[in-house]
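The opening residue of the sequence shown carries number 1 in full-length UniProt numbering; numbering runs sequentially from there. Just so you know, even glycine gets a beta-carbon here, dropped at the ideal spot from N, CA and C.
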Amino acid sequence: MNSDIWESDDPRRFRIARYFFCFARWIPIALIVVITLYVYYAYVVVLCIQQVENDIQRIVYLVFIHILLLMYASTFFRAVFTWHAIIPHKYTYKHPGNSTVSLQEGLLEHAEREELILHQKTPTGEIRYCSKCEIIKPDRAHHCTVCNRCILRMDHHCPWINNCCAYSNYKYFILFVNYSFFICVFIVISGAPYCVLIFTNDPLDSNYQKYNILAMVLLCLPFSFSTAMLGFFHIYLALQNSSTMETSHPPLVLGKRDKYAFFIGRRRNLESVFGSNMFLGFIPIDNRPGNGYEFELNPKLSTDSENLFRPHRPVTNSTDNTNVISNDIRANEPVTSNNTDAVEADSPVVGEQSSLLN
Ligand SMILES: [Zn+2]
Ligand SMILES: [Zn+2]
């Protein structure tokens, strides 16, 4: 969307463009809902109730399709309607216009005063700042021009859910894409034999029913391929603790660009998206560790304290601080049977742990 529209001086033009844009953003979601309802009708009513003659086969089809649909619909609506977490107030910085202090100096002073942990910097080595939101961008946060705000751990803006895929809803998005894949494959496999019959013995009751089953399979077939590719790609990203944006533009951390800057071992990478409980990882509930604005670095990276604004973090009882410190401790733990990922990620020096606990 052309940003000139939003910066127009004509309020009427601005309002019309804004209404149109808001309306247009919901079209893909309406399309998904309409297609889903049609496929549901074709599968449940036409295929299962009217065509399948074996009762056991019908029950199996109906049970599986409803379980998959329940997971598909719940993950979809959570991906669409999850409101992204607000960036904490301590990141807010309004630079006084008449100040003799430069913006970067003001940001540095503010970051030190608020004890912000900022590993990621701009290509010129400065603190990342969003002048629209007037906030210091936490690591992995980016400004979304569609949502018009800064989003924590932003992956990309997805028009199919009219929302950013980011820290708050990334798990729901990945689950939605993968449940879409399973449901499409299930429909194609169970509906394909009836499509074959259309062109052979014609046992179906009417042309109307024929084309519903055929249309259902032809709709699901391309979606099964596209969701497979998208689903595998995002599972790969989750395994790397990376994002779509970081794949194309690796974050600048500690003086160098590294798309594995936040790699902390494959098991813990997955846990940062799906949580540590394997069973809860498959259902759309929020069970992730972390807070979305402070991230543990890949232990392979240098731990140059000059690049951290808060190298000596005080120990407190707050949830956030406890979490960050415990993560750092976990990254430096000695080899144990439960910490194989930390070993795989090549643990850094223990001195770093000491400084964090001072
Ligand atoms: Zn912003
Ligand atoms: Zn967005």
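Per-residue burial, Gly-125 [other beta carbons within 10 Å of its own, 16 or more giving buried]: The Cβ neighbour count for Gly-125, taken over all protein chains shown within 10 Å, is under 16; the residue is labelled exposed.
Taking all protein chains shown into account, decide if His-66 is buried (16 or more other Cβ within 10 angstroms of its Cβ) or exposed. Answer is exposed; the Cβ neighbour count stays below 16.
Output yes or no for whether 8 Å exceeds the beta carbon distance between Phe-181 and Gly-106. Taking 8 Å as the Cβ cut-off, Phe-181 and Gly-106 do not qualify as a contacting pair.
Compute the minimum distance between the beta carbon of His-143 and the heavy atoms of ligand 2, and state whether it is under 7 Å. Distances from the CB of His-143 to the heavy atoms of ligand 2 are all 7 Å or more.
Compute the Euclidean distance between the alpha carbons of Pro-123 and Tyr-236, then round it to the nearest angstrom. Taking the Cα positions, Pro-123 is about 26 Å away from Tyr-236.
Could you give the residue range of the beta strand (DSSP E) that holds Cys-164? Element bounds for Cys-164: 163-165.
DSSP state of Arg-266, grouped into three classes? Secondary structure of Arg-266 (DSSP, three-state): helix.
Flag this pair as touching only if the region 257-265 and the region 218-229 have three or more C-beta atom pairs under 8 Å; answer yes or no. No, the region 257-265 does not touch the region 218-229.
Among Cys-130, Leu-152 and Arg-113, nearest to Arg-140 - alpha-carbon criterion: Selected option, being the one with the closest Cα: Leu-152.
Alpha helix (DSSP H) containing Asn-110: first to last residue? With the sequence shown as reference, residue 110 is identified as His, and Asn is not the correct amino acid for it. Unbroken alpha helix (DSSP H) run through His-110: 103-113.
Secondary structure of Lys-256, DSSP reduced to three states: Three-state DSSP puts Lys-256 in a strand.
Can you tell me whether Ile-16 is buried or exposed, with buried defined as 16 or more other CB within 10 angstroms of its CB? Around the CB of Ile-16, fewer than 16 other CB atoms lie within 10 Å, so the residue is classed as exposed.
Give every residue of the same chain whose Cβ lies closer than 8 Å to the Cβ of Ile-198, excluding the five residues on either side of it in the sequence, and list them in chain order. Cβ neighbours of Ile-198 beyond the five flanking positions: Leu-204, Lys-210, Ile-213 and Leu-214.
In the DSSP assignment, find the alpha helix (DSSP H) that holds Ile-151 and state where it starts and stops. No alpha helix (DSSP H) contains Ile-151, which is instead part of the beta strand (DSSP E) from 149-151.
Which one or two residues does DSSP pair with Cys-144 in a beta bridge? DSSP output for Cys-144 lists Arg-149 as bridge partner(s).
Return helix, strand or coil for Lys-121, following the three-state DSSP convention. Looking at Lys-121 - three-state DSSP - the assignment turns out to be strand.
In whole angstroms, give me the CA-to-CA distance for Leu-70 and Asp-286. Cα to Cα, the separation comes out at about 17 Å.
Among residues of its own chain, excluding the 5 on either side of Ala-228, which ones have a beta-carbon nearer than 6 Å to its beta-carbon? So the list reads Phe-181, once near-sequence residues are dropped.
Out of Tyr-172, Val-196, Arg-12 and Asn-162, which one is the CA nearest neighbour of Ile-32? For Ile-32, the closest C-alpha among the options Tyr-172, Val-196, Arg-12 and Asn-162 is that of Asn-162.
Since Phe-176 contacts Ala-85 with CB under 8 Å, what's their CB separation in whole angstroms? Incorrect: roughly 19 Å between the Cβ atoms, too far for contact.
Below 7 Å, is the gap between the Cβ of Arg-149 and the nearest heavy atom of ligand 4? Of the ligands this structure carries, namely ligand 1 and ligand 2, none is ligand 4.
Using beta-carbon positions only, say whether Glu-114 and Lys-90 come within less than 8 Å of one another. Their beta carbons are under 8 Å apart, which means Glu-114 touches Lys-90 by this criterion.
Where Arg-310 falls: helix, strand or coil (DSSP): Any answer about Arg-310 is weak, because its pLDDT of 48 lies below 50 and its placement is not dependable; what the coordinates show is given next. Coil.
Quick one: Cα of Asn-298 to Cα of His-119, how far? Their Cα atoms are separated by approximately 11 Å.
Using 10 angstroms around the beta-carbon of His-249, count the other beta-carbons present and answer buried if the total reaches 16, otherwise exposed. A residue is called buried when at least 16 other Cβ atoms come within 10 angstroms of its Cβ; His-249 does not meet this threshold and is exposed.
Report yes if the CB atom of Ala-238 is closer than 8 Å to the CB atom of Ile-174, and no otherwise. Yes, Cβ-Cβ distance for Ala-238 and Ile-174 is below 8 Å.
Looking at the secondary structure, which residues open and close the alpha helix (DSSP H) in which His-66 lies? Run containing His-66: 55-81, per the alpha helix (DSSP H) assignment.
Would you check whether ligand 2 has a heavy atom nearer than 7 Å to the C-beta of Cys-164? Cys-164 Cβ: within cutoff of ligand 2.
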